[in-house]
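Heads up: the sequence shown at position 29 corresponds to 24 in our numbering, and the numbers run straight through without jumps. Where a beta carbon is used, it is the ideal one built from N, C-alpha and C, also for glycine. Beneath this line is the structure, given in structure tokens, with notes to follow.
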Amino acid sequence: MTHIRSALLPVGLLVVCCAVWQVVVTAGQVPEYVLPAPLTVLGTMVADAPLLATESVPTLLAVLAGFGLAVLVALPVAVLMTYSDALHRALYPLLIVAQVVPKVAVAPLFIIWFGFGQLPKVLMVALISFFPLIVDALVGLAATRPQSLVLVRSMGAGRWQAFWKVRWPWALPSIFAGAKVAVTLAVVGAVVAEFVGSDDGLGVVLLDARGNLDSAMAFAAIGWLTIAGLLLFGAVALAERVLVPGGRRAASAEAAGSL
């Protein structure tokens, strides 16, 4: 019952906000070409669903490919940095520098280097997803209880056996925390790349809507992007529930909070 109540609170708040929004626009306080009413936006999302669904495909493909690439690079690098202090000291400052570089400023360079198409979008998604993945993986791998490692090593386990039996399972909650942040940022990365240079995707729909002063279509595209982001977040959260027992999630969070 508590979970249902917790889920209903944000839904109720969203409904109230939309109701106020609808009343304000309907009363003529805000021109609809500036801020369309929620019912107008919903109608556009439904009426133009074929177009929005078609344009969602390249955006989502870039998100999935870029996020997958970021995972494939970030996790092995995090493991290597965990076991090598020298590598950690060398790479971590560079990661910080790379993170503070504005991603919007890098996007045009990707277009120059790799041309138009999916590749620049995939690389932008990977770039923007990489930092939360590797940082949370490093935190999780470092948060392993030393007593557990000592115990398995005393039982004859080698370094990599200890890693797979203790350190990796213990790090999973933190890794999934980073993945949930990264997968939502991945949607942002894809749209940024489409803004800079693309001929398809929901980012292009947004640009076209801006050029036509079609606020309803712009909000409809944002709505589709929001739904896509929520579904991706839910997929990662579901994978976490399947792969990480609840007790381990709570224990790891407690250990990480004590660092």
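Annotated as proximal: Gly61 and Val120, with beta-carbon spacing under 8 angstroms.
Rounded to the nearest angstrom, the gap between the Cα atoms of Gly192 and Leu238 is 38 angstroms. When DSSP states are grouped into helix, strand and coil, Thr77 belongs to the helix group. Each residue's CA atom was taken as its position, placing Asp203 and Val187 some 14 angstroms apart. In terms of Cβ geometry, Gly196 and Ser124 do not form a close pair [threshold 8 angstroms].
Taking Glu235 as the centre and dropping the five residues before and after it, the same chain places the C-beta of Phe171 closer than 6 angstroms to its C-beta, in chain order.
Relative to Leu226, the option among Trp163, Ala181 and Val36 whose CA is nearest is Ala181. In this structure, DSSP gives Leu30 a state outside helix and strand, which the three-state scheme calls coil. At a Cβ-Cβ threshold of 8 angstroms, Pro33 and Cys13 count as neighbours. Secondary structure note for Ala138: it is in no alpha helix (DSSP H), with a DSSP letter that is neither H nor E. Straight-line spacing of the CA atoms in Ile107 and Leu56 works out to 21 angstroms. Our two residues, Thr179 and Gly224, have alpha carbons roughly 6 angstroms apart in a direct line.
For the 8 angstroms CB-CB criterion, Leu47 and Trp219 form a contact.
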